[in-house]
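Read the structure below first, then the notes.
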Amino acid sequence: MAVNVFMIGPAGCGKTSLTAAFGKWLEEELGDRPVYVNLDPGVLSLPYQPSYDVREIVSVGDLMRRKGLGPNGAMIRAAEIIEERVGEVVEEVRRLGSGSGYVLVDTPGQMELFLFREMGPRIVEALSSGSRSVAVYIVDPFLASSPSGLAISLSMSIITRLRLQAPVISVVNKSDIFDAGGFEELLMDESRLMERIAAEEHGLIADLSIRFVSFLKDLSKAMRVVRVSAKTGEGMPELYNLISDALCECGDLT
Ligand SMILES: Nc1nc2c(ncn2[C@@H]2O[C@H](COP(=O)(O)OP(=O)(O)OP(=O)(O)O)[C@@H](O)[C@H]2O)c(=O)[nH]1
Ligand SMILES: [Mg+2]
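Under our numbering, the first residue of the sequence shown is numbered 985, with each subsequent residue one higher.
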């Protein structure tokens, strides 16, 4: 039974690069043959060889040329077309993943297309029946550079959890260029995060951020976060362990 790993996060956070880097690690370290799935109709080139590519159904560039749409209009239209054909997408991905350990799913650049329309929840739900799924929320390292930005990242991972109804783990990517300053530890310890917000933010922002983190603390159980680099491969074993633990906690590995 394959494990479906959905890479989720804001534009440019490294979803595509991490799909490739984690897949390469699985191949080289575990001898696995992961199935690579591209669900981004807008991507031009990929650093991995997709086993399934949604651009076989629709591509944003093609819609722009043929229908005279702008990039956003074409992206929305592409999402509608994928939604109409979700059954077909799921069936093909399920077939490809049946003999494999991991199905790595690279999602559209604009996170809202996957999370806030029907596409993401429907695909995750359908692939999760008879299989196990986990979402990797990739924290944007730009946001991770301030305590209030971290509070927002924390909320996005919880929204991902609520929307996809699958376990979610968080990673801070681009560790090779960003000194995350121990922020991944702060993401795991809401009390310390609130202290940092109080020390570094001011006025209304500090006040709102602290209340917000306090609310999130009540909502979510403690979570683990790791630093990764899709470029250097740092953190891939930790990401693997986090995925295994997330599935264990859901009682799915029994
Ligand atoms: N230095 C560094 N650059 C990275 C890393 N991961 C991704 N990048 C770069 O960040 C940019 C965006 O990476 P992608 O993998 O395309 O990110 P994405 O989230 O798939 O982007 P969209 O799908 O377009 O939203 C590229 O220039 C990557 O080379 C990393 O770990 N380190
Ligand atoms: Mg991408």
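Ideal Cβ positions, reconstructed from N, Cα and C, are used throughout, including at glycine.
- Message: Can you tell me whether residue 1019 is helix, strand or coil according to DSSP?
- Response: Looking at residue 1019 - three-state DSSP - the assignment turns out to be strand.
- Message: Within 8 Å, do at least three Cβ pairs link the segment 1099-1117 to the segment 1038-1055?
- Response: Judged by Cβ distances under 8 Å, the segment 1038-1055 makes no contact with the segment 1099-1117, as fewer than three pairs qualify.
- Task: Rounded to whole angstroms, what's the CA-CA distance from residue 1047 to residue 1184? Just pull it up for me.
- Result: Residue 1047 and residue 1184: Cα-Cα distance of roughly 46 Å.
- Close beta carbons around residue 1226, own chain, < 7 Å, minus the five adjacent residues each side: Hits under 7 Å: 1153, 1208 and 1210.
- Task: Any chance you could list the alpha helix (DSSP H) runs of at least 4 consecutive residues sitting entirely within the segment 1073-1116, in chain order?
- Result: As far as the segment 1073-1116 is concerned, its whole alpha helix (DSSP H) runs of at least 4 residues are 1095-1099 and 1103-1112.
- Through-space distance from residue 1096 to residue 1127, alpha-carbon basis: Computed Cα separation, rounded: 17 Å.
- Message: Considering only heavy atoms of ligand 2 and the C-beta of each residue, which residues fall inside 7 Å, strictly closer?
- Response: Each of 999, 1000, 1024, 1027, 1090 and 1093 has a C-beta closer than 7 Å to some heavy atom of ligand 2; these make up the full list, in chain order.
- Query: So, using beta-carbon positions, are residue 1144 and residue 1090 closer together than 8 Å?
  - Reply: In this structure, residue 1090 does not lie closer than 8 Å to residue 1144 by Cβ.
- Item | Whole-Å CB distance - residue 1188 paired with residue 1131, under 8 Å assumed | Not really, about 15 Å apart at Cβ, beyond 8 Å.
- Query: By the 10 Å Cβ neighbour count, where 16 or more other Cβ atoms means buried, how is residue 1072 classified, buried or exposed?
  - Reply: With fewer than 16 other Cβ atoms inside 10 Å of its own Cβ, residue 1072 counts as exposed.
- Task: Kindly examine ligand 1 and report whether one of its heavy atoms sits closer than 7 Å to the Cβ of residue 1161.
- Result: Indeed, a heavy atom of ligand 1 lies less than 7 Å from the Cβ.
- Buried versus exposed call for residue 1167 [16 or more other C-beta atoms within 10 Å across all chains shown]: So residue 1167 ends up on the buried side.
- Message: If contacts are defined as beta-carbon pairs under 8 Å, then residue 1088 and residue 1019 qualify, I think. What distance do you get, rounded to the angstrom?
- Response: About 7 Å; that satisfies the 8 Å criterion.
- Local conformation of residue 1236 per DSSP, three classes: Only weak support exists for where residue 1236 lies, its pLDDT of 42 falling under 50; the value from the coordinates is given anyway. If DSSP states are grouped into helix, strand and coil, residue 1236 belongs with coil.
- Message: Using only the alpha-carbon positions, how far apart do residue 1086 and residue 987 sit?
- Response: Near 5 Å, if we compare the C-alpha coordinates of residue 987 and residue 1086.
- Message: Is residue 1215 close to ligand 1? I mean its beta-carbon at under 7 Å from any heavy atom of the ligand.
- Response: Yes; taking the cut-off as 7 Å, the Cβ of residue 1215 has a heavy atom of ligand 1 nearer than that.
- Query: In whole angstroms, what separates the C-alpha of residue 1232 from that of residue 1059?
  - Reply: Counting only the Cα atoms, residue 1059 lies some 36 Å from residue 1232.
- Message: Within the continuous alpha helix (DSSP H) that includes residue 1145, where are the two ends?
- Response: Note, residue 1145: alpha helix (DSSP H), 1131-1148.
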